[in-house]
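Quick note: the sequence shown uses the numbering used here, first residue 281, plus one each step.
Note sheet for the following structure.
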Amino acid sequence: MYLSLAKRFLLETDKRLLFKAGWTLGVRGLWSVHKHKRRLKRGEFFPPFLYLSVINSCNLRCQGCWVDVAAKQHRIELDAANETIRQAKAMGNSFFGILGGEPFMHKDLMKIFEANRDVYFQVFTNGHFITDEVAAELRRLGNVTPLISVEGTEMISDTRRGRDGVLSQTMKGLEAALRHKLLVGVCTSVCKTNIDDLVRDEWVDRLIEMGVMYCWFHIYRPVGPEPNLQLSLSSEEQRRVRQFVVDTRATKPIIVVDAYHDDAGNALCPAATGFTHHVGPWGDIEPCPVIQLATESIHDDRPLAETMNKSAFLKDFRELTAQHTRGCVIMERPDLLIELAEKHGARDTTARGRVIDELEKIQPRRSQYQPGQEIPERSFVYRWAKKYAFNDFGTYARHFDVAKYQDPDEQVDSQSQAKSDLPILS
Ligand code: SF4
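Here is the structure:
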């Protein structure tokens, strides 16, 4: 299997892009994690991976999206983006996630890539703007991997993403990227309506046949202005996705990304561990893309390194959430985020201005943290890589307090018992 994967990489992608990815993501990526560990030892902080949502606009209207895609357009402008990347590079970072809205609607996106050829970008995109010209330019630049989202079969995709023809347009973008031998990934926000179609061998086999090199199965998180609870996975279904990821990694010649478990299958939150933080389209520095609260911005006067290191809000976020859960705080304990926002006077970073109200309405549910049900990695390569480069860096040993953990499933059970209208028998 490892041999077939290596063969695929060698034969199906542009060698120059492959070498660049190996160097920037592999060698320099490991170095940035190493520097992060050393900073932590010195009591300093800067996340080794930054996500930048460069624009809020999008051509689609997906169910459950938390971005103000229909609001007036805001962008991280070219100079601000370059300066942020420059300062992060100075801290050793070499990999950046680019999100939106739809990033390819940013008029200067290619200029950002061009100005920063020494780092690698992963672009989260619906693929609609990847024409042959765009794909050819990405190949020339050699430092971008498109991560194209596919949300289900034609009908499911179109329903989830708000209009007809979405999947076929996405597939055209995917094919253009593959024709130009880019390193392409496909991601899915797994929910009730696509789990049976996409979390299965046949789908992964099709991706491999097409030439896709990696896939990423996120869990749908019912957050934002219009959370769709019917789409949320149960605890069992989330474990099913995790098992599928672990099995696929051990058996199929494709890389499977997941950001929520260490080598032993222990859950973690990459924002609570400080592995990543996020910059929104207005420049606000948020714990992660779905937590739209901030006290600092990239537009502040002080250097980014100082902002990250000295942010009391982000530090408190990491510690408070890690004390209470190894899972996703916005799914399990939205009340903690409200507490945190009040304590630090954090601003709502959305155009709609209703984040606290939205947090109050979230019905807590289990996330990746399912104590006693951990599913360890089967593949020795992932085990090794995670042991060294993707784990909690001691966060939970330092902060997690089991007495503070509240199991959302037990709360749902006790609430449903409390609401029972069966007569009490004496
Ligand atoms: S808070 Fe939740 S959505 Fe944000 S990084 Fe952590 S696990 Fe992911």
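C-beta atoms are modelled at their ideal positions from N, C-alpha and C, and glycine is treated no differently.
Specify the secondary structure class of residue i as computed by DSSP and reduced to three states.
i	result
ARG501	coil
HIS541	strand
GLY607	coil
ALA457	helix
ILE636	helix
ARG627	strand
LEU573	strand
ASP388	coil
ASP398	coil
PRO561	coil
ALA547	strand
PRO688	helix
SER512	coil
ILE534	coil
LEU427	strand
ARG341	coil
TRP496	strand
GLU654	coil
THR304	helix
PHE404	strand
GLU566	strand
THR553	coil
PRO507	coil
LEU297	helix
LEU462	coil
ARG646	coil
Answer with buried or exposed for residue i, where buried requires no fewer than 16 other C-beta atoms within 10 angstroms of its C-beta.
i	result
LYS300	buried
ALA677	exposed
THR630	buried
GLY560	buried
HIS579	exposed
PRO583	exposed
ASP542	buried
PHE660	exposed
VAL307	exposed
VAL403	buried
ASP481	exposed
THR675	buried
LYS666	buried
MET281	exposed
GLN518	buried
GLN686	exposed
LEU304	The sequence given here places Thr at residue 304; Leu does not occur at that position. Buried: at least 16 other Cβ atoms inside 10 Å.
ALA540	In the sequence as displayed, the identity of residue 540 is Tyr instead of Ala. Buried, because 16 or more other Cβ atoms sit within 10 Å of the Cβ of TYR540.
ALA698	For ALA698, the predicted model reports a pLDDT of 47, less than 50, meaning its position is unreliable and no value from the coordinates is stated.
Give the range of the beta strand (DSSP E) segment to which residue i is assigned.
i	result
LEU332	329-333
LEU379	375-379
THR468	465-470
Confirm the yes/no value for this check: CB of residue i, any heavy atom of the ligand MG, distance under 7 Å.
i	result
CYS568	Among the ligands modelled here, namely the ligand SF4, the ligand MG does not occur.
Along the alpha helix (DSSP H) that carries residue i, what are the first and last residues, could you check?
i	result
SER312	308-321
THR439	434-441
VAL484	481-490
SER284	282-292
LEU478	475-478
THR587	584-590
ILE365	358-370
THR675	675-679
LYS352	First-last for LYS352: undefined, no H or E at that position.
PHE660	660-669
ASP710	Here the chain covers residues 281 to 706 and nothing more, so residue 710 does not appear.
Assuming residue i contacts residue j (C-beta within less than 8 Å), just tell me the rounded distance between them.
i	j	result
VAL536	TYR500	That belief does not hold up - the Cβ atoms of VAL536 and TYR500 are roughly 18 Å apart, past 8 Å.
ASP294	ARG419	6 Å
HIS408	THR450	7 Å
PHE326	ASN589	6 Å
ASP672	LEU573	The pair is not a contact, with the Cβ atoms about 22 Å apart (cut-off 8 Å).
GLN343	LEU511	7 Å
TRP346	VAL503	6 Å
GLY422	LEU458	The Cβ separation is near 16 Å, so there is no contact.
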